[in-house]
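**Student:** Before anything else, here's the structure in question.
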Amino acid sequence: MLFRVAVPVLASAFFRRFTRLTERARAQALELAHSAQDEHELERALVWALRIDPQPSTAKVVTFALDGLDSDTKRKMLGRLPRFPSAGGHLDAALGLCLLSMKQPLASVAALETAITAEAPSPGWWRWLGSAYLMLGRLRDAVQAVDEYLVRDPVPDGRGLRGAAATYHAAGRLDRALSCYRQLADRAPQATYLLEYSTVARATGHPWEALVASRRAVELSPDDQSAWAIRSQCLLAAAQPEAALRAAQRGIEVQPRSGENHLAAADALAALAMPQEASEWIESLLSVDGSPKTVRACADRLGRIGRTERAVELCREVAIATADTQPLADAALHLSRDKQHARALELLDEIPTGQEGDGPTWAARGGILADVRDRDGAIAAFYHAVAARPQEFKWRRRLVTLLLEVGRIDEALVQASEAQEAYGGVRADTRALYARALAAAGYSDEAIALASGSGARTVYELFLQLVADAQHEQAFGYLASEHGALISKAAT
1396 MLFRVAVPVL
1406 ASAFFRRFTR
1416 LTERARAQAL
1426 ELAHSAQDEH
1436 ELERALVWAL
1446 RIDPQPSTAK
1456 VVTFALDGLD
1466 SDTKRKMLGR
1476 LPRFPSAGGH
1486 LDAALGLCLL
1496 SMKQPLASVA
1506 ALETAITAEA
1516 PSPGWWRWLG
1526 SAYLMLGRLR
1536 DAVQAVDEYL
1546 VRDPVPDGRG
1556 LRGAAATYHA
1566 AGRLDRALSC
1576 YRQLADRAPQ
1586 ATYLLEYSTV
1596 ARATGHPWEA
1606 LVASRRAVEL
1616 SPDDQSAWAI
1626 RSQCLLAAAQ
1636 PEAALRAAQR
1646 GIEVQPRSGE
1656 NHLAAADALA
1666 ALAMPQEASE
1676 WIESLLSVDG
1686 SPKTVRACAD
1696 RLGRIGRTER
1706 AVELCREVAI
1716 ATADTQPLAD
1726 AALHLSRDKQ
1736 HARALELLDE
1746 IPTGQEGDGP
1756 TWAARGGILA
1766 DVRDRDGAIA
1776 AFYHAVAARP
1786 QEFKWRRRLV
1796 TLLLEVGRID
1806 EALVQASEAQ
1816 EAYGGVRADT
1826 RALYARALAA
1836 AGYSDEAIAL
1846 ASGSGARTVY
1856 ELFLQLVADA
1866 QHEQAFGYLA
1876 SEHGALISKA
1886 AT
């Protein structure tokens, strides 16, 4: 009986003694790491700490001890430190985050995928993994990783929620991004978050929501000239050009050389049918900022308000200054917008094709040929453009639309399917395009299933496609279904 009592007591006392010694030794090791004179001393101390007490808490402290190092040194040391299953995945997660900051997404994915297989992984690691997938263009995986993050941490902090929103936004899942930003606006109403929220709300067809968010942003940060520019854009999207002009002028008061507010003012004046005043604002900006990016933006505005020759002149200047052919393609589009199609095509003929980056030239040619009703020529040009840049969705959408117009349904279906695959099936606009092609090919049930949950615009476009293809029974059935309200909303 005495033996049965004594053994557990002695074991408990030994364990407490051992734990105290372990904690003391770990503390000494981490103290040595803190006072290390060079990287080698630091690494030896951290290895000692991990070997003494290979627990998640130790691994966390070790990663904190590396925060002062430059990224490359930190990466190398994290790669060399010993791994212990009992320490969890903290070292691999820290390595993955370091690699992500160094723009090495492939290696980052490998490290983070290892980290999340460890015992008790942190929810935030899935968010980092989503960012790495996004950098690799693996949009479906990025969305799934962020979905998992929000399942494991349903009430994330502001930083985590913003990271999730940013990944959803970049992956084209604007509906989910909008949901995250709505939560952010309630939990952490910072000006930066609210401006991002207003941009996504505007892009998803919620102009009044964008107005509210942008108003809160400028109230929180009245000295931020970018906030006033975005506020102006939101007001313009809500058909309030006078208020948009006032917001842009307020931004210019904050920063007189603000390019984005000069452009916002020009946009507002153009909407007010005041092209001369808009042109004056643009020329005022050009007098203080001659950077290629600004000049191209000014040329775009000038072309849209009918100052075609000036727009073409600026595009040529940028093309010469940057040795880039894309501004010439822009110039051709300005000429085409002014109905100078022959001159636009002559300008495009000056641009050598067959080189890397000539997608914009082919896309411009395709757009111009489509304007003059040369659909076959336009289709051939857009095939070239898509081959040059397979991820450029707007060009593939134009190609699919042209193919549908001329009845080349099978080709349209292939192109729409490739767009859907390229973006991992996560973007609403790719689903809308594929649904249109499916409907045109006679797969109306599959098209309706794909369009469901993709928003009012997708549902409406599919309805129009069914009508255009004389699939009247399916179209009226669609209108009579639960989607009828969405169709009516989009139509108005």
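FYI, in our numbering the residues of the sequence shown are 1396 to 1887. Note that the Cβ used here is the ideal one computed from N, Cα and C, for glycine as well.
For Ile-1746, which three-state DSSP category applies?
**Tutor:** The answer is coil: DSSP assigns Ile-1746 none of H, G, I, E or B.
**Student:** Secondary structure at Gly-1532, three-state DSSP: helix, strand or coil?
**Tutor:** Residue state, collapsed to three classes: coil.
**Student:** State buried or exposed for Lys-1734, treating a residue as buried only when at least 16 other CB atoms are found within 10 Å of its CB.
**Tutor:** That one is exposed.
**Student:** Look at the alpha carbon of Ala-1898 and the alpha carbon of Ala-1783, and state the distance between them as a whole number of angstroms.
**Tutor:** This structure gives no information on residue 1898, because the portion of the chain shown stretches from 1396 to 1887.
**Student:** Verify whether the separation of the beta carbon atoms of Ala-1780 and Gly-1761 is less than 8 Å.
**Tutor:** Against a cut-off of 8 Å, the Cβ pair of Gly-1761 and Ala-1780 comes out as a contact.
**Student:** What ranges does the alpha helix (DSSP H) occupy inside the region 1422-1486, keeping only unbroken runs of at least 4 residues that lie completely in it?
**Tutor:** Here the runs fully enclosed are 1434-1447, 1451-1460 and 1466-1475.
**Student:** Assuming Thr-1509 and Asp-1487 are in contact, meaning their beta carbons sit under 8 Å apart, how far apart are those beta carbons, in whole angstroms?
**Tutor:** Yes, Thr-1509 and Asp-1487 are in contact; Cβ-Cβ is about 5 Å, under 8 Å.
**Student:** Please name the residue in Ala-1537, Gly-1685, Arg-1702 and Gly-1698 whose C-alpha comes closest to that of Ala-1716.
**Tutor:** Comparing Cα-Cα distances from Ala-1716 to each of Ala-1537, Gly-1685, Arg-1702 and Gly-1698, the minimum goes to Gly-1685.
**Student:** Pick out whichever of Val-1707, Ala-1515 and Asp-1467 has its Cα sitting closest to the Cα of Gln-1450.
**Tutor:** Checked all of Val-1707, Ala-1515 and Asp-1467; the closest Cα to Gln-1450 is Ala-1515.
**Student:** Quick one: Cα of Gly-1837 to Cα of Tyr-1576, how far?
**Tutor:** When rounded, the distance between both Cα atoms is 38 Å.
**Student:** Can you tell me the Cβ-Cβ gap for Leu-1573 and Ala-1559, rounded? I've got them flagged as a contact below 8 Å.
**Tutor:** Contact doesn't hold; Cβ gap of about 12 Å is too wide.
**Student:** By how many angstroms is the C-alpha of Gln-1671 removed from the C-alpha of Glu-1751?
**Tutor:** Because Glu-1751 carries a pLDDT of 49, less than 50, the predicted location of this residue cannot be relied on, and no value is offered for it.
**Student:** How many angstroms separate the CA atom of Gly-1483 from the CA atom of Ala-1513?
**Tutor:** The alpha-carbon atoms of Gly-1483 and Ala-1513 are separated by roughly 5 Å.
**Student:** Which class does Gln-1650 belong to by DSSP, given the choice of helix, strand or coil?
**Tutor:** It is coil, neither helix nor strand.
**Student:** Measuring CB to CB, does Ala-1622 end up less than 8 Å from Leu-1630?
**Tutor:** No. Outside cutoff.
**Student:** Evaluate Phe-1413 with the Cβ neighbour count: other Cβ atoms within 10 Å of its Cβ, from every protein chain shown; 16 or more gives buried, anything less gives exposed.
**Tutor:** Its pLDDT being 36, under 50, Phe-1413 is placed unreliably in this model, and the value from its coordinates should be taken loosely. It is exposed - the Cβ of Phe-1413 has fewer than 16 other Cβ atoms within 10 Å.
**Student:** How is Arg-1784 classed by DSSP in three states: helix, strand or coil?
**Tutor:** Three-state DSSP puts Arg-1784 in coil, outside helix and strand.
**Student:** In three-state terms, what does DSSP make of Lys-1734?
**Tutor:** The answer is coil: DSSP assigns Lys-1734 none of H, G, I, E or B.
**Student:** Let me confirm a value: Leu-1437 is counted as buried when at least 16 other C-beta atoms fall within 10 Å, else exposed. Which label applies?
**Tutor:** When all chains shown are included, Leu-1437 counts as buried.
**Student:** Would you call the region 1587-1595 and the region 1532-1552 in contact, with 3 or more CB pairs under 8 Å?
**Tutor:** The region 1587-1595 is not in contact with the region 1532-1552.
**Student:** Return the Cβ separation of Val-1690 and Leu-1709 in integer angstroms, given the expectation that the two are a contact with Cβ distance under 8 Å.
**Tutor:** The Cβ separation is near 5 Å, so the contact holds.
**Student:** Taking 6 Å as the limit between beta carbons, can you name the residues of its chain near Arg-1533, skipping five residues before and five after?
**Tutor:** Contacts found: none.
**Student:** Exposed or buried, which one is Asp-1536 when buried takes at least 16 other CB atoms within 10 Å?
**Tutor:** Flag for Asp-1536 reads buried.
**Student:** What first and last residue would you give for the alpha helix (DSSP H) that runs through Gly-1762?
**Tutor:** Element bounds for Gly-1762: 1754-1766.
**Student:** What would DSSP say about Gly-1567, mapped onto helix, strand or coil?
**Tutor:** Here Gly-1567 sits in coil by DSSP.
**Student:** Ala-1775 and Val-1795 - do their beta-carbons sit closer together than 8 Å?
**Tutor:** Contact: no.
**Student:** Note down, one range per segment and in chain order, each alpha helix (DSSP H) of at least 4 residues found wholly within the region 1587-1632.
**Tutor:** Runs found: 1602-1615 and 1620-1632.
**Student:** How would you label His-1435, buried or exposed, when you count the other beta carbons within 10 angstroms and need 16 or more for buried?
**Tutor:** The residue is exposed, with fewer than 16 neighbouring Cβ atoms inside 10 Å.
**Student:** Hey, is Arg-1554's beta-carbon within less than 8 Å of any beta-carbon in chain B?
**Tutor:** Protein chains in the displayed structure number just one, and chain B is not present.
**Student:** Between which two residues does the alpha helix (DSSP H) containing Lys-1688 stretch?
**Tutor:** Here the alpha helix (DSSP H) through Lys-1688 covers 1687-1699.
**Student:** Can you round the beta-carbon distance between Ala-1807 and Ala-1834 to whole angstroms, since I take them to be within the 8 Å contact cut?
**Tutor:** Ala-1807 to Ala-1834, Cβ: 11 Å. No contact.
**Student:** Less than 6 Å between C-beta atoms, sequence neighbours within five positions excluded: which residues of the same chain meet that for Ala-1673?
**Tutor:** These residues qualify, in order along the chain: Ala-1661, Leu-1664, Ala-1665 and Ile-1700.
**Student:** Buried or exposed for Ser-1466, going by 16 or more other Cβ atoms inside 10 Å?
**Tutor:** Classification of Ser-1466: exposed, given that the 10 Å Cβ count is below 16.
**Student:** Report the rounded CA-to-CA distance for Thr-1417 versus Leu-1445, giving the unit in angstroms.
**Tutor:** Unreliable positioning characterises Thr-1417 in this predicted model, as indicated by a pLDDT of 47, which lies under 50. The coordinate reading is nonetheless provided below. If you take the alpha carbons of Thr-1417 and Leu-1445, they lie about 11 Å apart.
**Student:** Out of curiosity, what's the CA-to-CA distance linking Arg-1826 and Ser-1452?
**Tutor:** Roughly 45 Å separates the two Cα atoms.
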